[in-house]
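J.: Counting in full-length UniProt numbering, the sequence shown runs from 1 upward without gaps. Idealized CB from N, CA, C, for every residue including glycine. Since the model is a prediction, treat every value here as computed from it, not as a measurement.
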Amino acid sequence: MAKILVVDDAKFMRLTLTNILKKANHDIVGEAENGKQAIALYEELTPDLVTMDITMPEMSGLEAMRKIRAEYPTARIVMCSAMGQQKMVVEAIEAGAKDFIIKPFDEVRVIDAVSRVLS
């Protein structure tokens, strides 16, 4: 069972991801609604994996991921983005994201990406 931190500014998206991940027997150790919270919670909880929305207020997911990976180079982060954000997805992968999930979330795709990154 992996410890996962779910980061998204939309409560509904966090809830959706949390439900999918719990069904797959993962432990949701925390939730954040922006990049700043994500960094603070990552340091506090050291999760096995983070699902990180790209577009958020205060600090974007890309910026938060760069800061987390600068401090914790082995951090496993899966970016989440809406359709049509291909440029950001490429940027995220180049910055160290292990995978990405497109919204709206497809349960099978979420589980596949998380399993792949954790193995």
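Tell me whether F100 sits in a helix, a strand or coil according to DSSP, three-state version.
T.: Translated into positions along the sequence shown, residue 100 becomes position 100. Residue state, collapsed to three classes: strand.
J.: According to DSSP, which residues form a beta bridge with A32?
T.: One-based indexing of the sequence shown puts residue 32 at position 32. Its beta-bridge partners are V7.
J.: Cα-Cα, which of I4, E107 and V114 is closest to E44?
T.: In the sequence shown, residue 44 corresponds to position 44, counting from 1. Nearest option by C-alpha distance: I4.
J.: Enumerate in chain order the residues of its own chain whose CB-to-CB distance from D27 is below 8 Å, with the five nearest sequence positions on each side excluded.
T.: Mapped onto the sequence shown, residue 27 falls at position 27. Excluding positions up to five away in sequence, the list reads M1, A2, K3 and I4.
J.: For a test of the three-state rule: what should DSSP assign to I111, helix, strand or coil?
T.: Translated into positions along the sequence shown, residue 111 becomes position 111. Correct three-state label for I111: helix.
J.: Spatial neighbours of F100 within its chain, please: C-beta separation below 8 Å, excluding the five flanking residues on both sides.
T.: The count along the sequence shown starts at 1 and reaches residue 100 at position 100. V78, M79, C80, S81, V89, A92, I93 and A113, listed in sequence order.
J.: If you draw a straight line from the alpha carbon of N19 to that of Q86, how long is it in whole angstroms?
T.: Sequence index remark: in the sequence shown, residue 19 carries index 19 (1-based). Sequence index remark: in the sequence shown, residue 86 carries index 86 (1-based). N19 and Q86: Cα-Cα distance of roughly 26 Å.
J.: Pop quiz: G35 and E58 are said to be a contact at Cβ under 8 Å. What is the actual Cβ separation, rounded to whole angstroms?
T.: Here residue 35 is taken as the residue at index 35 of the sequence shown, counted from 1. Here residue 58 is taken as the residue at index 58 of the sequence shown, counted from 1. 6 Å between Cβ atoms; contact.
J.: Leaving aside the five residues before and after A24 along the sequence, list all residues of the same chain whose C-beta is less than 6 Å from its C-beta, in chain order.
T.: Your numbering for residue 24 matches position 24 in the sequence shown. I111, listed in sequence order.
J.: Taking only beta-carbon atoms, is I93 less than 8 Å away from chain B?
T.: The structure shown contains no chain B; it holds only a single protein chain.
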